[in-house]
Amino acid sequence: MPDVRQLLADAGGPNPRLALASVKALADELDWLLVRAVHLARAEHYDWARIGRLLGVSRQAARQRFERLAPLVGPLPPHVRGRTPWQQQHAAIIESGADARRRQRFESFADDGHDVEAW
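Residue numbers (our numbering): 518 to 636.
Here you go:
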């Protein structure tokens with residue numbers, strides 16, 4: 518990664534050749550940083566509407582530009598959309614506790630002599 522401070526100084530300097538080359542290098546760095554930021558946002562379960570708002574573009578424009586560059590595995594399920602990572606972790610803990618209680622009830626039902634048939 519080139520020194521961004523030097524590129525900024527060169528872009529604002531008196532030499533037009535150096536200024537143009539520096540602006541091009543800065544644009545390349547910004548493109549890379551933008552894709553990285555969108556990938557980070559998708560990893561944190563930001564939806565395309567939220568990313569678009571933060572970038573000042575529509576949801577559709579953000580999705581069309583970045584979907585293949587910053588993918589997320591599958592769409593976000595409704596119960597996860599808009600949650601912070603802490604809220605997602607908390608919900609997963611609660612759901613795993615509910616699963617354990619269901620398994621325990623099922624096992625106690627089967628232990629009471631009831632016939633359990635698979636569907």
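Note that beta-carbon positions come from the ideal geometry of N, C-alpha and C, so glycine has one too.
| Item | Value |
| --- | --- |
| From R585 to A566, what distance separates their C-alpha atoms? | 16 Å |
| I need the boundaries of the alpha helix (DSSP H) containing S569, first residue and last residue. | Note on residue identity: the sequence assigns Gly, not Ser, to residue 569. W565 to L572 is the extent of the alpha helix (DSSP H) around G569. |
| Counting only runs of 4+ residues fully inside the region 523-547, write out the alpha helix (DSSP H) ranges in chain order. | none |
| Could you give the residue range of the alpha helix (DSSP H) that holds L576? | Note that residue 576 is Arg in the sequence shown, not Leu. Element bounds for R576: R576 to F583. |
| So what does DSSP say about V590, is it helix, strand or coil? | Only weak support is given to the placement of V590: the predicted model assigns it a pLDDT of 47, under 50, and the value that follows is read from those uncertain coordinates. The answer is coil: DSSP assigns V590 none of H, G, I, E or B. |
| When the distance is taken between beta carbons, is D545 closer than 8 Å to A536? | no |
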